[in-house]
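Read the structure below first, then the notes.
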């Protein structure tokens, strides 16, 4: 072997040895640096550990195995003035690759081709108590650090667990992001490739409900998000909830087949909090709502109307079309006696839009349902969003139905048993604001016959007072018919809103005022 070849081999051998030594030393130096950095930024409260750190030369990057981040003294980390969290994180494999040394040294930018997390587990305990000792996660130098640019982020087989008092959340997550960029404070952008959530369970803060979801799928290419097989599972009985809260409260049990959001810009939601999509479609709902009205009414703040809630949304809100289909709701109300009253709303269909909080938006909804599973109700709603010069409106028609179909509700809520009668049609049209509603009703019916009943649904005892009440009601107060012709009575819709109650109560009581007026009864003032 000639001299030149020996020199080349010697140089290569030296380079290999130097690279190996630098590689080994580099791994130890980087390992120690990472551990010390975590301790320093967390004021010594958090510890970072991992089984192995490997430096990749081409492309330049780092991979850590069996990563663990925890706090031995359970001190909370402060995110803002009211909320603190204590995260415990473990990751099977954490890797970063494609680090640009040029941008790191000369442009003060962490520029990575990609980040991968395999089987991370995040456990979080949350409290709102200001007395909890805490340190800030926000560095005093926040906003002066390096810009972070990542080509792609992939999270696989993630498990998330969070608790706050009685409330808890558990789910499995997989995420893929592209073009993530984070710079100065409040500056964050990314493009979402896909999100998968499964085995989702959330227990409400009062401990009364579990909200479950089999799966959520979002594909960035089509910008479509689907939530499948959701459930509202009550953990207490329908009569218990009012006793536990000390006032009347809705008890809900529901199954929801699917919620689909089309052209949903998740990246925009992450970047700015804006909610923008072309369509939101809900289908396959089976819900039961119960309220024990024998409990005292709660002392609560006034409720905002839907138009006020939508208009008051801080970020941009715009949904072109809303659709609801294949939905059944059973409403049960117990006022007195041993039995509750029941109202059925079958095959609910809703279509309309836009749901938006832009100035002077006019949102229109067309809805229909089979009432008591026997009569078709159709209604149109107009909401005046951020427009104080225009009132919201409701216009609708109840088609032909035997009046006795309402007995499952009227027997136990109104002490009224309808023996016969046919509602041929009921047309109503009214406007409302946050104070009152006013409008007209044309209710055509015939052959109305009824009797007053006890709260258990039985006929009143044959005492003189009870017979007299029924006779007076039939003969002088309630009109037996109101048929098409010259003498048709037009009912007046006039109702003063109770701001403590929901919009459904406002609509129903407004319509009821027209029913009473059409039937010859005077509305209470």
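Numbering (this note's numbering), first residue to last: 535 to 1059. Virtual Cβ for every residue (Gly too), placed ideally from N, Cα, C.
Do residue j and residue i count as a contact pair if the criterion is CB distance below 7 Å?
i, j, result
"residue 783", "residue 791", "no"
"residue 635", "residue 694", "no"
"residue 744", "residue 767", "yes"
"residue 882", "residue 861", "yes"
"residue 759", "residue 752", "yes"
"residue 736", "residue 778", "no"
"residue 1012", "residue 948", "no"
"residue 974", "residue 951", "no"
"residue 710", "residue 688", "yes"
"residue 684", "residue 646", "yes"
"residue 603", "residue 561", "no"
"residue 980", "residue 1015", "yes"
"residue 799", "residue 765", "no"
"residue 681", "residue 632", "no"
"residue 891", "residue 847", "yes"
"residue 982", "residue 1019", "no"
"residue 926", "residue 912", "no"
"residue 822", "residue 787", "yes"
"residue 629", "residue 597", "yes"
"residue 723", "residue 805", "yes"
"residue 1037", "residue 840", "yes"
"residue 749", "residue 726", "no"
Since residue i and residue j are thought to touch, with beta carbons under 8 Å apart, how far apart are those beta carbons, to the nearest angstrom?
i, j, result
"residue 907", "residue 931", "In fact, because the Cβ distance is near 18 Å, the residues do not count as touching under 8 Å."
"residue 899", "residue 915", "4 Å"
"residue 1041", "residue 858", "Going by Cβ atoms, the distance from residue 1041 to residue 858 rounds to 16 Å, so no, they are not a contact pair."
"residue 845", "residue 920", "4 Å"
"residue 770", "residue 731", "Contact doesn't hold; Cβ gap of about 27 Å is too wide."
"residue 796", "residue 812", "5 Å"
"residue 942", "residue 855", "35 Å between Cβ atoms; not a contact."
Among the options, which residue has its Cα nearest to the Cα of residue i?
i, options, result
"residue 1039", "1024, 966 and 979", "966"
"residue 873", "987, 983, 913 and 587", "987"
"residue 885", "815, 951 and 847", "815"
"residue 627", "702, 692 and 949", "692"
"residue 818", "801, 794, 826 and 582", "794"
"residue 1032", "577, 959, 971 and 1054", "971"
"residue 934", "925, 941 and 977", "977"
"residue 869", "824, 843 and 639", "824"
"residue 601", "581, 821, 912 and 589", "581"
"residue 1030", "1017, 1023 and 964", "964"
"residue 1027", "1034, 1045 and 1037", "1045"
"residue 904", "917, 863, 897 and 926", "863"
"residue 714", "895, 686, 1022 and 589", "686"
"residue 918", "896, 901 and 902", "896"
"residue 774", "804, 639 and 742", "742"
"residue 654", "724, 925, 570 and 624", "624"
"residue 1060", "923, 638, 878 and 585", "Limits of the chain in this structure are 535 at one end and 1059 at the other, which puts residue 1060 out of reach."
"residue 733", "746, 851 and 726", "746"
"residue 820", "801, 880, 945 and 638", "880"
"residue 802", "836, 855 and 849", "849"
"residue 909", "923, 865 and 958", "958"
"residue 595", "569, 690, 831 and 650", "650"
"residue 589", "968, 574 and 564", "564"
"residue 1061", "622, 1017, 690 and 643", "Nothing can be reported for residue 1061, as the shown portion of the chain is limited to 535 through 1059."
"residue 936", "953, 923, 922 and 945", "953"
Looking only at DSSP bridge pairs, what is residue i linked to?
i, result
"residue 752", "729 and 759"
"residue 841", "Answer is none; residue 841 lacks a bridge partner."
"residue 977", "960"
"residue 897", "917"
"residue 712", "686 and 725"
"residue 784", "825"
"residue 790", "764 and 819"
"residue 701", "698"
"residue 744", "737 and 767"
"residue 621", "658"
"residue 587", "598"
"residue 886", "856 and 899"
"residue 965", "927 and 972"
"residue 810", "852"
"residue 932", "911 and 960"
"residue 706", "693 and 732"
"residue 862", "820"
"residue 983", "954"
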